[in-house]
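Novice:
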Amino acid sequence: MKNKIFALIDCNAFYVSCERVFNPKLNNRPVVALSNNDGCIIARSKEAKALGIKMGVPLFKVKDIVRKEKVHVFSSNYTLYGDMSRRVMNIIAEFTNDIEIYSIDEAFIGLDGIPGDIVEYGHKIRKTILQYTGIPVSVGIANTKTLAKVANHIAKDNGSFSGVCSLLELKNIDKLLPSIEVGEVWGVGRQLSKKLNMHGIYNIKQLKDTDDFRIRKMMSINGLKTVTELRGISCLPLEEVRATRKSCCTSRSFGQNLKELDDIQQAVAIFSRRAVERIRAENLLTSSVSVFLRTSPFDKKNKYYFNSSSIHISTPTNDTIEIAKIVSRITKQIFKPGYLYQKAGVLLSGFYPEGEEPIDLFSRDSKIREDLMKTIDKINTRFGGDTIQIASEQHLGTWAQKKDRCSPNYTTNINSVLVVD
DNA sequence: TCTGGGGTCCTAGGACCC
DNA sequence: TCTGGGGTCCTAGGACCC
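Once you know that position 265 of the first sequence is 1309 in this note's numbering, the rest is easy, because the numbers rise by one and skip nothing.
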């Protein structure tokens, strides 16, 4: 059988690149983007990496470097990043129908049957995306998705590849692999790295050459797939159609810790509405609702508390009001007074596609409520996500998240469009 | 003072059944 | 005093990804 060819197209420091497109002064400067609530650093420019700022580090731990080196800091602007992502993916989709959008800034594509020089083709994709969107990407090409990831890592790390690296010729691979740590492999995280290191396996070449039995024992079944892919045998196909989701969670940490049940009830009311709106957009009904609350796991002075509970619904639903009531009931049940709550969340699961749910003998006709939900969704789509709310949300803002350094929505709000002098 | 959010999958262990 | 074996299903926890 002919070998398959995969490419992984991955945007470089995606959130930072999005900010730079609309603010070229940021080019060649250290720039970082923050997680929700301005907590951790989740995207770094090359210059910020060079300053030793690590991925995922809390902002306050690097505040001295940030100040001294004049690092530009951005709150995350998902409206902007989501829209830029859509543009990048649309361009990739013009090159091929064999596309798996893997995350907001990455896509795998199949390159079988592409005529001519495949590396050349990679450069063409890269150039087109840069020209049309301003976003720089790296392209990794190989016979398996896991190797395409490795190739992408090499392309990013090593300037001599000009952003495109192909591992299609096997003799190439073994020269490059000893210099890359096992932790860089897709599917090998912190714990597995530690375990592999303990067994004397430090780089990708060593991992690839370890026998199946040992791999299976140390890394379980998926680890064996990963290693087989490193050997050039494809186990993970391109997943062009997104599988229907199995759960939907909306959770946030609060801008300030909350003590009162009332404040938490408002927050979870919003979370439940947003979660239900998301599954409604996918024509799903939920049969299981859970809520969790917790204090800060980093707070050493106060006692830690975590609790969660779920309720099974015999008639699956996507009715905001019905679910908000259930969420409120669970919240009351798991809330304990006297704690400083830092985060809460609502998780929906046990989905049925609309029309395929089991019918409850005693359920009442809910056509009116269905129409109400459709109308609310229409209004919220047109006038903004939170236009129609449920009364329990109240929006008193006691838990509003921090978002002090957010850029404008350049591409989605007419008032924020750049003006050229 | 300040530490993200949203997913998936696997495994181990307990409950339960015959 | 002696106390099976094999199966399924569910859940919690841990690992991974971006």
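Here a beta-carbon is modelled for each residue, glycine too, at the ideal position from N, C-alpha and C.
1) Under a Cβ-count criterion, where at least 16 other Cβ atoms within 10 Å of its own Cβ denotes burial, should Gln-1310 be classed as buried or exposed?
2) To the nearest whole angstrom, what separates the beta carbons of Asp-1127 and Cys-1055, a pair I think is in contact under 8 Å?
3) Beta-carbon separation of Asn-1301 and Tyr-1385 under 9 Å?
4) Since Tyr-1182 contacts Asn-1196 with CB under 8 Å, what's their CB separation in whole angstroms?
5) Taking C-alpha atoms, which residue in Asp-1255, Leu-1095, Tyr-1454 and Met-1263 lies nearest to Trp-1230?
6) In this structure, does DSSP put Val-1194 in helix, strand or coil?
7) Please report the straight-line C-alpha distance between Ile-1086 and Asp-1421, rounded to a whole angstrom.
8) Opposite Ser-1372 in the DSSP bridges: which residues?
9) CA-CA distance, Val-1076 and Cys-1279?
10) Count the other C-beta atoms from every protein chain shown that fall within 10 angstroms of the C-beta of Arg-1373, then say buried if there are 16 or more, exposed otherwise.
11) Quick one: Cα of Pro-1180 to Cα of Val-1132, how far?
12) Along the chain, where does the beta strand (DSSP E) containing Tyr-1122 start, and where does it finish?
13) Are the Cβ atoms of Arg-1289 and Phe-1395 separated by less than 9 Å?
14) Can you give me the Cβ contacts of Arg-1338 inside the same chain, cut-off strictly under 6 Å, excluding the 5 residues immediately before and after it?
15) Pick helix, strand or coil for Lys-1387, following the three-state DSSP scheme.
16) Write down the C-beta distance between Lys-1189 and Phe-1152 rounded to the nearest angstrom, noting that I regard them as a contact closer than 8 Å.
17) Please report the distance separating the alpha-carbon of Cys-1062 from that of Glu-1213.
18) Please report how far the alpha carbon of Leu-1095 lies from the alpha carbon of Leu-1078, in whole angstroms.
19) Have a look at the DSSP bridge pairing and note the partners of Asp-1054.
20) Could you pull the start and end residues of the beta strand (DSSP E) that Arg-1286 belongs to?
21) If I measure Cβ to Cβ from Val-1106 and keep anything under 6 Å in the same chain, skipping five residues before and after, which residues do I get?
22) Buried or exposed for Pro-1402, please, with buried defined as at least 16 other CB atoms from any protein chain shown within 10 angstroms of its CB.
23) Check this for me: beta carbons of Ile-1515 and Ile-1136, under 9 Å apart or not?
24) Once you ignore the five residues that flank Asn-1327 on each side, which residues in its own chain have a CB closer than 7 Å to its CB?
25) How long is the line joining the alpha carbons of Leu-1174 and Leu-1103, rounded to whole angstroms?
26) Go ahead and pull the three-state DSSP assignment for Glu-1401.
27) So, with DSSP's three-state summary, where would you put Gly-1276?
Specialist: Taking the definition as stated:
1) That one is buried.
2) Contact between Asp-1127 and Cys-1055 does not hold, since the beta-carbon distance rounds to 13 Å and is not under 8 Å.
3) For Asn-1301 and Tyr-1385, yes; Cβs fall inside 9 Å.
4) At residue 1182 the sequence reads Ser, which differs from the Tyr that was named. Rounded, the Cβ-Cβ distance is 5 Å, consistent with contact.
5) Selected option, being the one with the closest Cα: Met-1263.
6) Secondary structure at Val-1194: helix, using DSSP grouped into helix, strand and coil.
7) In a straight line, the C-alpha of Ile-1086 is about 31 Å away from that of Asp-1421.
8) Ser-1372 has no beta-bridge partner at all, per DSSP.
9) Approximately 36 Å, taken between the alpha carbons.
10) Around the beta carbon of Arg-1373, fewer than 16 other beta carbons sit within 10 angstroms, so the residue counts as exposed.
11) So the alpha carbons of these two residues sit roughly 10 Å apart.
12) Per DSSP, Tyr-1122 lies in no beta strand (DSSP E); the unbroken alpha helix (DSSP H) holding it starts and ends at 1122-1139.
13) Yes, Cβ-Cβ distance for Arg-1289 and Phe-1395 is below 9 Å.
14) Contacts found: Phe-1350 and Lys-1387.
15) For Lys-1387, the three-state secondary structure derived from DSSP is strand.
16) About 6 Å separates the CB atoms of Lys-1189 and Phe-1152; that is less than 8 Å, so the two are in contact.
17) Roughly 34 Å between the two C-alpha positions.
18) Near 17 Å, if we compare the C-alpha coordinates of Leu-1078 and Leu-1095.
19) Its beta-bridge partners are Glu-1150 and Ser-1182.
20) Counting along the chain, Arg-1286 falls outside any beta strand (DSSP E), and DSSP gives it neither H nor E.
21) Counting only Cβ-Cβ distances below 6 Å, and skipping sequence neighbours, we find Ile-1097.
22) By the C-beta density criterion, Pro-1402 is exposed, having fewer than 16 other C-beta atoms within 10 angstroms.
23) Any property of residue 1515 remains undetermined from this structure, which presents the chain solely from 1045 to 1465.
24) Excluding the 5 residues flanking it on each side, Asn-1327 has same chain C-beta neighbours closer than 7 Å at Pro-1397 and Glu-1398, in chain order.
25) Leu-1174 and Leu-1103: Cα-Cα distance of roughly 30 Å.
26) Correct three-state label for Glu-1401: coil.
27) Three-state DSSP puts Gly-1276 in coil, outside helix and strand.
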